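Notes to accompany the following structure.
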Amino acid sequence: MAVAPNANIGLVAGTTPGIDPRFAQVFSRNKISGKYLDINHNLVIELKNLGLWDMVKGKIIELQGDISSIDQIPLHIREIYKTSFSVSPYAFIEVAARAQKWVDQALSRNMYLDDRDIEKTMDIYFSGWRKGLKSTYYLHMKPRHTAEQSTVAVNKSAKLGKTGFASVFRKSEEVPMQINEQRVEEVVGVTKEASQESVELPQEEITDQKPIEEPISTKGFGMVKTVSQQIFSKVQTQLPEPEKENHEHYQTKIIEGKTYKIHMPSDPQEKFLCDGCQ
529 MAVAPNANIG
539 LVAGTTPGID
549 PRFAQVFSRN
559 KISGKYLDIN
569 HNLVIELKNL
579 GLWDMVKGKI
589 IELQGDISSI
599 DQIPLHIREI
609 YKTSFSVSPY
619 AFIEVAARAQ
629 KWVDQALSRN
639 MYLDDRDIEK
649 TMDIYFSGWR
659 KGLKSTYYLH
669 MKPRHTAEQS
679 TVAVNKSAKL
689 GKTGFASVFR
699 KSEEVPMQIN
709 EQRVEEVVGV
719 TKEASQESVE
729 LPQEEITDQK
739 PIEEPISTKG
749 FGMVKTVSQQ
759 IFSKVQTQLP
769 EPEKENHEHY
779 QTKIIEGKTY
789 KIHMPSDPQE
799 KFLCDGCQ
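Read in order, the letters of the sequence shown correspond to residues 529 to 806 in this note's numbering.
Structure follows, in structure tokens:
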């Protein structure tokens, strides 16, 4: 005889796999046939009889299928429907150790830890070995980060009482702009009557004729390109041409009384090396 947690048959039959408790009252499973939702129907019936299901179903999903911290659910129901991570792993070992005497082979005992403490993990497995367990099975640990769960569209701004920058632009579009014409006239110093009168300006004769420069476009990045070309063209005419460095030198060697000039190419990066780099 052996006790094995056959997960596939357990899912088809609507029970927990093997001797494991449910690790969540509501969760989703990814199978070859697709993704589907797994719900503890016994818990749903209990909550519907009390008229609490519609009130707490969203909270159960938000808490990753754990009902231990939901105050609306009675305490006796929370004690019955505990998840595997809320039960002490030493309790799992105790139950398996008592049943091991009557099992020929072994019990596939999964372990569930809510933290990642190495010393605690070692102590749990040594405790199972001392109590005579022949084997264990998988070790499940809670992930450090979990995604936020929700059943409906969540409006965090309304829940937290905060708004983003989009609401500022929305309010500015809704409120029409009002201009105080009287204040503008006082600042400018021109009244409506004075503005309506025609004013004659003195005419000046143009003596120096200069070529008209084309206006610089103020739209897009073309203006930046045009101005930069004018500036760099002036700078290039003023700067002297840099002297070209000669990275080659010659070395003279005397061979059999004759002097030879040997071409020795040099690396320009060698001048940056110090004695400690050699």
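Glycine included, C-beta positions come from ideal geometry on N, C-alpha and C.
This one's a predicted model, so the numbers in the text were calculated from it and none came from an experiment.
If you measure between the beta carbons of residue i and residue j, is that distance less than 9 Å?
i: Leu-635; j: Ser-663; result: yes
i: Lys-585; j: Gln-628; result: no
i: Pro-545; j: Asn-558; result: no
i: Ile-598; j: Lys-587; result: yes
i: Tyr-653; j: Met-639; result: yes
i: Thr-649; j: Leu-661; result: no
i: Ile-601; j: Leu-575; result: yes
i: Asp-548; j: Ser-614; result: no
Specify the secondary structure class of residue i as computed by DSSP and reduced to three states.
i: Asp-548; result: coil
i: Thr-664; result: coil
i: Tyr-609; result: coil
i: Gly-562; result: strand
In whole angstroms, what separates the C-alpha of residue i from that of residue j?
i: Val-682; j: Gly-562; result: Confidence at Val-682 is low in this model, with a pLDDT of 49, below 50, so its placement is unreliable and no value can be given for it.
i: Ala-552; j: Asp-632; result: 31 Å
i: Ser-596; j: Ala-541; result: 26 Å
i: Lys-786; j: Thr-780; result: 10 Å
i: Arg-644; j: Asp-582; result: 35 Å
i: Pro-671; j: Ala-530; result: 30 Å
i: Pro-617; j: Glu-647; result: 14 Å
i: Leu-571; j: Val-554; result: 10 Å
i: Gly-538; j: Asp-651; result: 30 Å
i: Gly-656; j: Thr-543; result: 26 Å
i: Gly-593; j: Trp-630; result: 34 Å
Contact between the region 613-626 and the region 562-572 (3+ Cβ pairs under 8 Å): They do not touch, by the three-pair rule.
Length-filtered (3 minimum) beta strand (DSSP E) runs lying within the region 601-645: Segments of the beta strand (DSSP E) lying fully in the region 601-645: 639-641.
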